[in-house]
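Heads up: the sequence shown is residues 4 to 289, going by my numbering.
Everything on this sheet refers to the single structure shown next.
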Amino acid sequence: MELHPERSGFQIKDAKIPIIIGIKRLESLKPHEEVLEDELLSLSRSIRQDKVLRHPLLADARTGVVLDGNHRLVALRRMNCRLAPVALVDYNNPGIRVERWYRLIISGKLDDLWPGLQNLGLSMKNEERAAARELLDRRRVAAVIEDQDRSIVFESPRPEDTLDSFRTSFRVEKFLREKGLSVSYVDKKPEIIPEATLVLSTVKLEKDEVVDVASSGRLYPPKTTRHLIPSRPLGTRVPVEWLTLDKPEIAQAKLMDHLSRMKLRRIEEGSIIGSRKYEEEVFLFE
């Protein structure tokens with residue numbers, strides 16, 4: 004697999020979308036989601052132990068909005084790093100899509116949860132499942148929680164504000180966790196909801212909404228977006244020491260030399276790397 008060195012970084016021209024890997028100052032990168040503290044602490048321990056950042060962040064080249072790697076960005080900031088290795092892409096490329104995560108809740112019953120949900124002070128009501136899905140698709144409600152038979156819809160005080168809608172859905176998710184229920188994230192909504200299982204669905208964002216919120220310095224709750232990138236570079240293994248440098252051009256030169264000495268292997272879509280399955284093609288540095 005061929006690598007192409009450019010002034011701005013390394014370009015992977017064989018990818019489905021143009022990708023340039025380079026060094027960026029942390030202050031130029033804009034997160035769009037809050038982080039999960041447990042996940043952040045685990046990642047930070049791993050980085051400190053390995054003394055390398057295994058994978059680059061992924062960000063829009065024009066705006067600096069981080070599409071994947073919000074936890075890595077915060078971890079580097081807390082470690083007093085100044086720089087980050089970033090795979091830069093064109094967010095407007097139609098090959099990049101924004102989807103959402105669904106929350107799967109095990110052993111939950113709507114009737115049992117109703118009183119506690121009411122205590123949250125949210126505007127909510129029972130709704131038929133088909134009608135609830137339509138309301139969510141049209142953004143007339145902020146979130147829907149449903150079982151096999153019916154749904155509860157949650158209205159947003161300001162439905163035109165997507166950040167407000169996601170804060171509403173996050174309050175519901177937080178309540179479910181505080182009740183001791185198991186909440187997991189799945190990329191597809193089950194066609195048939197199993198017995199004693201609930202699904203919490205949110206609205207789906209557009210790219211310009213992600214950019215607007217990130218550029219304003221605000222943050223969506225964790226797991227708001229699921230970005231589908233057709234090509235993803237992994238395994239760059241950049242030493243953390245380089246990321247503490249004050250001069251990005253020095254770190255950039257080190258990165259280009261580092262990557263030029265590595266082999267690059269394309270791995271087809273749907274492959275398992277480590278413990279994770281990647282739906283997109285992966286370019287693995289080795």
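We put the CB at the ideal spot given by N, CA and C, even for glycine.
Limits of the unbroken beta strand (DSSP E) element including residue i
i	result
Glu130	Ser126 to Glu130
Thr205	Thr200 to Thr205
Pro88	Leu86 to Val92
Lys293	What is shown of the chain runs 4 to 289, which leaves residue 293 out entirely.
Lys295	Since the first residue of the chain shown is 4 and the last is 289, residue 295 is not available in this structure.
Asp63	Leu60 to Asp63
Arg100	Arg100 to Glu102
Val285	Glu284 to Phe288
Arg221	That residue, Arg221, is in no beta strand (DSSP E); it is neither H nor E in DSSP.
Lys19	Premise fails: Lys19 is in no beta strand (DSSP E) and is neither H nor E.
Close Cβ partners of residue i (< 7 Å) along its chain, the five nearest in sequence each way excluded
i	result
Glu289	Gly238, Met265, Lys266 and Arg268
Leu43	His74, Val77 and Ala78
Asp167	Ser159, Pro160 and Arg161
Asn96	Ile20
Which of helix, strand or coil DSSP assigns to residue i
i	result
Leu39	coil
Arg235	strand
Gln14	strand
Leu70	strand
Arg269	strand
Lys112	coil
Leu76	helix
Arg51	helix
Arg57	coil
Ser274	strand
Arg240	coil
Leu46	helix
Leu246	helix
Arg229	strand
Arg81	helix
Glu9	Unreliable placement is indicated for Glu9, whose pLDDT of 47 sits below 50; the coordinate value is still reported in the next sentence. Strand at Glu9.
Own chain, CB closer than 6 Å to residue i, minus 5 neighbours either side, in chain order
i	result
Ile108	Leu179, Leu184, Val186 and Leu201
Ala290	Past the edges of the chain, shown from 4 to 289, lies residue 290, and the structure says nothing about it.
Pro233	Lys19, Ile20, Gly98 and Glu283
Ile148	Ile155, Leu201 and Leu203
Arg235	Glu283 and Val285
Glu130	Ser154 and Val156
Proximity winner among the options, relative to residue i (alpha-carbon distances)
i	options	result
Ala18	Arg103, Glu40, Ile99 and Leu203	Ile99
Ser263	Arg240, Arg279, Leu248 and Ser31	Arg240
Leu46	Arg28, Gly72, Glu30 and Asp63	Gly72
Asp211	Thr228, Leu60 and Pro224	Thr228
Gln151	Leu79, Leu44 and Lys112	Lys112
Val243	Arg57, Asp41 and Lys16	Arg57
Glu40	Ala256, Asp260, Pro224 and Tyr105	Pro224
Thr165	Arg221, Pro197 and Lys192	Arg221
Ser204	Leu60, Arg103, Ser159 and Ile50	Arg103
Ile195	Thr66, Leu258, Leu116 and Arg153	Arg153
Val214	Ile148, Asp93, Pro236 and Glu176	Asp93
Phe169	His261, Glu252 and Lys226	Lys226
Lys54	Met82, Gly25, Glu30 and Leu29	Met82
Ser110	Glu198, Arg80, Ser49 and Met259	Glu198
Trp117	Arg28, Ile50 and Lys182	Lys182
Cutoff 8 Å: residue i Cβ touching any chain C Cβ
i	result
Glu131	Judged by its chain identifiers, the structure shown contains no chain C, having just a single protein chain.
Close beta carbons around residue i, own chain, < 8 Å, minus the five adjacent residues each side
i	result
Glu282	Leu231, Glu272 and Gly273
Gln121	Met127
Lys191	Tyr105
Ala133	none
Ile270	Ile276, Tyr281, Glu284, Val285, Phe286 and Leu287
Continuous alpha helix (DSSP H) stretch holding residue i: start and end
i	result
Val214	Lys210 to Ser218
Ile253	Pro251 to Ser263
(request) Note down, one range per segment and in chain order, each alpha helix (DSSP H) of at least 4 residues found wholly within the stretch 117-198. (result) 132-140 and 165-181
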